[in-house]
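Residue numbers (our numbering), protein chains in the order written: chain X, 85 to 411; chain G, 85 to 411.
Backbone N, C-alpha and C define an ideal beta-carbon position, used for all residues, glycine too.
Before any comments, here is the structure.
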């Protein structure tokens, strides 16, 4: 398996992509890496590491797409960027997948544009992992599709189901539709029709409400990209907000230093599931290829996990299964 | 001011509505109450209290709409219910407002049907209070309107702005539109058009993202009823989910009894803003009258606060201002 890694993406490049690539080849004999990015900087970083000779190679891509750049424009104009070059190599079959901690919007646009859609897929989607008291749930769509049709929501469920089963490893994922009530007849016309379509999925468990997310009542939560994006960013803001509320109470009560240290360390550990940097990235589903994106702050371990996920997607032939399921 | 109180609504009736009514007349000389519900049960409860003679009267409404009943059906069939009778009295001008801790859907349907819309309002909406690190934000719509048009979102902003200013008492409320990005050109077609319309509001602060809610970046958050409803229920689920996560860590670390008690009491206080029962209910906006609804578990104090809010809405003539602003 040969995976292309964006060496010019994320908040800490080339350090973290390079370290992640080294971790991946050290941990698995089965993986070779192509680091895509400005070659001399990437080389300098790579030379700091020991790694199995020949299993990491470099590929020049002099342009860098910034984290805040307008996605569509960046992809159109920066044809020599790591994202455009890497996905182009994948499209030509030179590598088995592409992973990046770079600009999510640019990756999304480039993945759809360069790799194209899978047969039968109306719109590619981006999934995201969401912390729950039981571990993680997969939320599809996380912001790629702001206007959805019932058939699209159905396909998000189909694709999320396959990813949760084959890549996350949940034997029979519980797939649910986010809605304003549990009953089948609740929601907008779009949600009602999507519900009916989703009943064709044997492991569809029906409508879910907002309270069912953190409590982990499903493994796959289907929603439109607006709801998913707002919930995702809302979820990310919980630890800071609650730390602030707790710190206010701690101050008022004048706890001693030892007590404060104990409470702070408890909080850190309890909130660790919300630390997205530990997560190994999330996939674009429905594109004709394998494209994963991680948090801008992805650690080397997160990048390694993303590489392994990409390998698993290639090995399990996830796209063939998606084509068969949406047909 | 004469306010009708639903004596047969909520999880603890007639006790809490009756106690709330008693608290209200004890605290303010300016308020008279009509308790609407099955008269003998309500009388029995009222007789347990001391209150200024003649300032609380009863009005018979023998039917009770359950918390889980289908709203439209209940309103249609139970014409002798406290909700239908109370709103009917308000519509005829016999009372200045109606408050209830009962079935929200039924109240919404009955308010719109019996009171009708204000001139120029496309659709009445339900607002809700949402805890932030700075206090509370007002979220409009909280679940009444699942399909929205740009003009409706604009009106939610207008109505939320007036309520936040005149009833909550924020001099210049910051009004924002929940969206997937800060930039004006972000979002669905509906959100983009709503943004343009909202620019007519001097205190419109633009698009807000999911991360801006808990951090209190606005006083009024505009969204459709699906997003609002999912966020509301998601928010309500945070304390329990985080307690569960924290308790897991506490168990693992084998803290002693005293430490556990300290942490639990810290949490209780920090999470108290999420305790909706302390909140004094939320209004239906855009109906031709004054109708407030509280959490099913509303305490007597919450019911008293709702009564005071209804009085303030009547005194400030909020509906006249809404009509003027949407014109």
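Tell me the DSSP secondary structure of residue 358/G in three-state form. DSSP places residue 358/G in the helix class (H, G or I) of the three-state scheme.
Using a C-beta to C-beta distance shorter than 9 Å, which residues of chain G count as neighbours of residue 422/X? One cannot answer for residue 422/X here, as it falls past the ends of chain X, which runs 85 to 411.
Looking only at DSSP bridge pairs, what is residue 165/G linked to? According to DSSP, residue 165/G bridges with 147/G.
Contact set between the segment 124 to 154 of chain X and chain G, restricted to residues whose Cβ is under 8 Å from the partner: Residues: none.
Report the rounded CA-to-CA distance for residue 235/G versus residue 278/G, giving the unit in angstroms. If I take the Cα positions, the gap works out to 7 Å.
DSSP state of residue 223/X, grouped into three classes? Strand.
Restricting to Cα atoms, I'd like to know which of 126/X, 136/X, 137/X and 131/X is closest to residue 146/X. Closest option to residue 146/X, Cα to Cα, is 126/X.
Return the Cβ separation of residue 225/X and residue 312/X in integer angstroms, given the expectation that the two are a contact with Cβ distance under 8 Å. Sure, about 5 Å apart at Cβ, within 8 Å.
Residue-chain proximity (residue 318/X, chain G), Cβ-Cβ < 8 Å: The beta carbon of residue 318/X falls within 8 Å of a beta carbon belonging to chain G, placing the residue at that interface.
Neighbourhood of residue 302/X by C-beta distance below 7 Å, restricted to the same chain and skipping five residues each side: Only 221, 258, 259, 260, 289, 292 and 296 meet the Cβ criterion.
Do you know offhand how far residue 249/X's Cα is from residue 276/X's? Going from the Cα of residue 249/X to the Cα of residue 276/X covers about 25 Å.
Residue 278/G: contacting residues in chain X (beta-carbon distance under 8 Å): What residue 278/G touches in chain X: nothing, since even the nearest Cβ is about 12 Å away.
How is residue 350/X classed by DSSP in three states: helix, strand or coil? Helix, per DSSP.
One question on the structure: do residue 88/G and residue 238/G come within less than 8 Å of each other, judged by their Cβ atoms? 8 Å or more divides the Cβ of residue 88/G from the Cβ of residue 238/G.
In chain X, what lies closer than 9 Å to residue 209/G by C-beta? The premise fails here: residue 209/G is roughly 14 Å from chain X at the closest Cβ pair, so nothing lies under 9 Å.
Specify the secondary structure class of residue 376/G as computed by DSSP and reduced to three states. Note: residue 376/G maps to strand in three-state DSSP.
Once DSSP output is grouped into helix, strand and coil, what is the label at residue 132/G? Taken through DSSP and simplified to helix, strand or coil, residue 132/G comes out as coil.
Count Cβ pairs between the segment 366 to 381 of chain G and the segment 342 to 358 of chain G that sit closer than 8 Å; are there 3 or more? Short answer: they don't touch.
Partners in chain G for residue 170/X, counting only beta-carbon separations shorter than 7 Å: Those within 7 Å of residue 170/X in chain G number zero; the least Cβ separation is about 25 Å.
Residue 336/X versus residue 95/X: straight-line alpha-carbon distance, rounded: Looking at the backbone, the Cα of residue 336/X and that of residue 95/X are separated by about 37 Å.
Minimum C-alpha distance to residue 391/X - residue among 187/X, 140/X, 128/X and 214/X: Nearest C-alpha to residue 391/X: 140/X.
Coil, strand or helix - residue 106/X by DSSP: Note: residue 106/X maps to helix in three-state DSSP.
Chain X residues whose Cβ lies nearer than 8 Å to that of residue 354/G: By Cβ distance, chain X contributes 326, 329, 330, 332 and 333.
Thinking just about the alpha-carbon of each residue, which of 207/G, 174/G, 218/G and 228/G is nearest to the one in residue 188/G? Nearest Cα to residue 188/G within the set 207/G, 174/G, 218/G and 228/G: 228/G.
Round the Cβ separation of residue 308/X and residue 205/X to the nearest angstrom and send it over; I've been treating them as touching at under 8 Å. So it is not a contact: roughly 16 Å between Cβ atoms.
Express the C-alpha separation of residue 97/G and residue 484/G in angstroms, rounding to a whole number. Absent from the model: residue 484/G. The displayed extent of chain G is 85 to 411, so no value can be given.
Give the residues of chain X in contact with residue 295/G, contact being defined as C-beta atoms less than 8 Å apart. Chain order gives the chain X residues near residue 295/G as 317, 318, 320 and 321, where near means a beta carbon separation below 8 Å.
Proximity of residue 91/G and residue 115/G at Cβ, strictly below 8 Å: Not a contact, by the Cβ cut-off of 8 Å.
Using CA coordinates, which residue listed in 216/G, 395/G, 359/G and 294/G is at the minimum distance from residue 329/X? The shortest C-alpha separation from residue 329/X is found at 216/G.
For residue 318/G, the nearest candidate out of 150/G, 162/G and 358/G (CA to CA): Nearest of 150/G, 162/G and 358/G to residue 318/G, Cα basis: 358/G.
Does residue 343/G come within less than 8 Å of chain X when only Cβ atoms are used? Taking Cβ atoms only, chain X reaches closer than 8 Å to residue 343/G, which makes this a yes.
Check the Cβ-Cβ distances between residue 212/G and every residue of chain X, and say whether any is below 8 Å. Any Cβ of chain X closer than 8 Å to the Cβ of residue 212/G would place that residue at the interface, and such an atom is absent.
Assuming residue 156/X and residue 149/X are in contact, meaning their beta carbons sit under 8 Å apart, how far apart are those beta carbons, in whole angstroms? The beta-carbon separation of residue 156/X and residue 149/X, rounded to 11 Å, does not stay under the 8 Å limit for a contact.
Please list, in chain order, the chain X residues whose beta carbon lies closer than 9 Å to that of residue 412/G. The first residue shown for chain G is 85 and the last is 411, placing residue 412/G beyond what the model contains.
Hey, is residue 154/G close to the ligand FAD, as in C-beta under 7 Å from one of its heavy atoms? This structure lacks the ligand FAD, and indeed carries no ligand of any kind.
Any chain X beta carbon closer than 8 Å to residue 231/G: At least one chain X Cβ lies under 8 Å of residue 231/G.
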